[in-house]
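Worksheet: one structure, shown below.
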Amino acid sequence: MHINGPTAVHPAQSIRGPHHAPQAPAVDSRTQFDTVDELDISHEADFASQVKDIPDIRADRVAQIKAQIADGTYLTDDKLDLALERLLDEIG
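Numbers 1 to 92, taken from the UniProt record's numbering, label the letters of the sequence shown in order.
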C-alpha cells in the first residue's frame, strides 16, 4: 500500500475545453412563415354584421303611430285588453 501525504505533487492534468451542446437541426423558416392566413365568415355571421346598418328608429312606423294617435284610433279597447292580459301573464 502506497499512501501519499499532503505534500505529494501530482503530475499535470489535461485541460478540457467547455462542453458543447449538440447543434439543433436547422428549421426551414420558409415553411413556417410563408403560409397564407385565411378567414372564412359564415352566412350567419355576415348577416349578423349587417344588423348594425339597420337604423335604431323606424321613421315610417313612428309616423304611422303619430297619425293613429292624432286620429284617435291608436288606443282601442282591444289593444288595452291585450296589454292588460300580457301584463297579468307576466306578473303571475
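The beta-carbon is built from N, C-alpha and C at its ideal position, and this holds for glycine as well.
Bounding residues of the alpha helix (DSSP H) (the contiguous stretch that carries residue i)
i	result
Asp44	The identity of residue 44 in the sequence shown is Glu, whereas the question assumes Asp. Glu44 -> alpha helix (DSSP H) spans 43-49.
Leu39	Looking at the DSSP string, Leu39 is not in any alpha helix (DSSP H), and its letter there is neither H nor E.
Ala70	59-71
Residue i versus residue j: straight-line alpha-carbon distance, rounded
i	j	result
Val62	Asp53	19 angstroms
Leu84	Gly72	20 angstroms
Ile41	Ser49	10 angstroms
Leu75	Ala45	39 angstroms
Asp89	Leu82	11 angstroms
Ala59	Lys79	22 angstroms
Ala21	Gln13	24 angstroms
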